[in-house]
Structure formats: C-alpha cells, structure tokens
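A.B. asks:
Residue numbers (this note's numbering), protein chains in the order written: chain A, 1 to 111; chain B, 112 to 224.
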C-alpha cells in the first residue's frame with residue numbers, strides 16, 4: 001500500500017535557525033512528489049514538485065530534495081512568516097492522479 | 112487570475128440534512144479532485160472528476176456521498192443525511208491537461224450538529 005510518513009510532527013525553531021523536514025514514502029514507482037504549505041483555516045498552497053532522485057528545487061528560504069526513499073524540505077534562516085504546516089504528497093503511476101498525503105509537519109518559528 | 116473557488120466557506124447542518132459543497136476550478140482546468148481533512152488527520156482523497164465523468168471515486172464512501180462535474184457550472188459534492196462524523200474540512204483541487212500540479216481551494220468547513 002502506498003504510504004507517506006512525515007517527521008517530525010511538530011518543530012519549533014528560533015528565527016534564523018535552519019532545519020530540515022523529512023518525508024519518507026513507499027510507493028510502487030513514483031510519478032511525482034509534491035510539497036505544499038498550509039496555513040490555519042486555509043487550503044494547501046503549492047510549493048514544489050519533484051520527479052526523480054537527485055532532483056532539487058528552491059524557492060526563497062526553502063529547498064526541496066529527493067532520493068529514492070525520501071524527500072527533505074530544508075529551511076534556511078527561517079522567519080516567523082514561515083510558520084505553517086508543511087505537507088508532502090505522492091502520486092503513483094498505478095493510480096489515477098490522486099495525491100496521497102502525509103499528516104504534515106507543523107512548524108513554528110519564534111522571533 | 113482567479114484560483115480555485117469554493118462555497119460556502121462554512122456550512123452548518125443538523126443530522127439528517129443534506130450538504131452541498133461547490134467548487135469552481137481554475138479557469139481552463141478540466142480536472143477536479145475532492146479531498147477531506149478530518150481534525151488532526153491528513154488530507155484524504157475522495158474523488159477525481161473530469162467534465163461529465165467520474166474518473167476515480169475509490170476514496171468516497173459508497174453511501175450518502177456523490178459528486179458531479181457538469182459540462183457547465185461548478186463541481187458539486189453532495190452529502191445526504193449527514194452524520195456527526197461527516198464534520199470536516201472539504202477541499203477541492205484542480206489541474207489542467209498539461210500539468211499534474213493540483214491547486215487547492217480554501218475549503219468548506221462542514222459542521223454537523
């Protein structure tokens with residue numbers, strides 16, 4: 001069964017303190033791995049798509065990387081406005097386009 | 112550029128009533144997906160539709176739930192005879208033929224009393 005596990009569940013950082021969020025997946029072939037950000041009371045906001053091991057993508061203070069078993073979301077010198085829940089999801093070529101989500105990492109950045 | 116729109120944003124129903132949730136995809140997107148997010152749980156896929164067709168409804172409960180995406184107008188997720196366990200946030204997402212990125216709406220928060 002396709003599965004996505006994210007860790008840690010929650011992370012508290014001081015402003016400027018860099019860290020990484022982990023997304024481990026088991027899927028029969030990976031069609032794509034997606035990172036989203038979700039603020040309280042809002043819908044997920046798309047960040048990145050990764051397709052193959054070794055691929056990296058960056059946006060401002062965020063950098064996503066992918067291996068054959070996991071993905072990392074690196075946050076460099078975070079700011080309080082980076083506080084949110086970060087969601088990881090995968091698509092399998094066996095299935096239709098549905099996304100299989102992890103339960104997310106709740107990030108809090110304190111000034 | 113309007114994103115995915117959902118209405119209502121909040122919906123309160125009593126047990127046994129019907130709930131209708133609407134989703135207008137990004138202009139030009141022909142694929143619509145519905146997900147449900149229960150408190151303290153992750154997003155769970157419910158159904159995937161293209162215009163006038165249900166492509167994958169493997170995540171949707173067999174009873175009381177139905178979805179449609181007509182040729183004209185928004186996609187509708189319909190829940191009949193709601194129960195307290197249906198209380199959740201329901202999100203709609205859309206994508207186009209040329210990209211597999213799904214863009215999400217703000218969600219409808221359903222509360223069943």
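Built from N, CA and C at the ideal position, the CB exists for glycine as well.
According to DSSP, simplified to helix, strand and coil, what is residue 167 of chain B?
C.D. replies: Position 56 of the second chain, counting from 1, holds the residue named residue 167 of chain B. Strand.
A.B. asks: Expressed to the nearest angstrom, what Euclidean distance is found between the alpha-carbon atoms of residue 52 of chain A and residue 184 of chain B?
C.D. replies: For the purposes of this step, residue 52 of chain A is identified with residue 52 of the first chain, where counting begins at 1. For the purposes of this step, residue 184 of chain B is identified with residue 73 of the second chain, where counting begins at 1. One C-alpha to the other measures close to 37 Å.
A.B. asks: Would you check if the distance between the CB atom of residue 104 of chain A and the CB atom of residue 153 of chain B is smaller than 8 Å?
C.D. replies: Here residue 104 of chain A refers to the residue found at position 104 when the first chain is read from its first residue. Here residue 153 of chain B refers to the residue found at position 42 when the second chain is read from its first residue. The answer is yes: Cβ separation under 8 Å.
A.B. asks: Report yes or no: do three or more beta-carbon pairs, one from the region 61-78 of chain A and one from the region 139-147 of chain B, lie closer than 8 Å?
C.D. replies: The region 61-78 of chain A, when compared against the region 139-147 of chain B, does not touch it at the 8 Å Cβ threshold.
A.B. asks: Taking Cβ to Cβ, would you say residue 96 of chain A is nearer than 8 Å to residue 167 of chain B?
C.D. replies: Counting from 1 along the first chain, the entry for residue 96 of chain A is found at position 96. Counting from 1 along the second chain, the entry for residue 167 of chain B is found at position 56. Yes, the pair counts as a contact, with Cβ atoms nearer than the cut-off.
A.B. asks: Look at the Cβ atom of residue 3 of chain A, then the Cβ atom of residue 25 of chain A, and state whether they are nearer than 8 Å.
C.D. replies: Your numbering for residue 3 of chain A matches position 3 in the first chain. Your numbering for residue 25 of chain A matches position 25 in the first chain. A contact, by the Cβ cut-off of 8 Å.
A.B. asks: Taking only beta-carbon atoms, is residue 222 of chain B less than 8 Å away from chain A?
C.D. replies: The residue labelled residue 222 of chain B in the question sits at position 111 within the second chain. False, the Cβ-Cβ gap to chain A never drops below 8 Å.
A.B. asks: Inspect the CB distances between the region 128-135 of chain B and the region 146-163 of chain B and report whether three or more fall short of 8 Å.
C.D. replies: As far as the Cβ criterion goes, the region 128-135 of chain B does not touch the region 146-163 of chain B, which means the pair count is below three.
A.B. asks: For residue 193 of chain B, count the other beta carbons within 10 Å of its own beta carbon; 16 or more makes it buried, fewer makes it exposed. Which is it?
C.D. replies: As a working note, residue 193 of chain B is residue 82 in the second chain. With 16 or more Cβ atoms within 10 Å of its Cβ, residue 193 of chain B is classed as buried.
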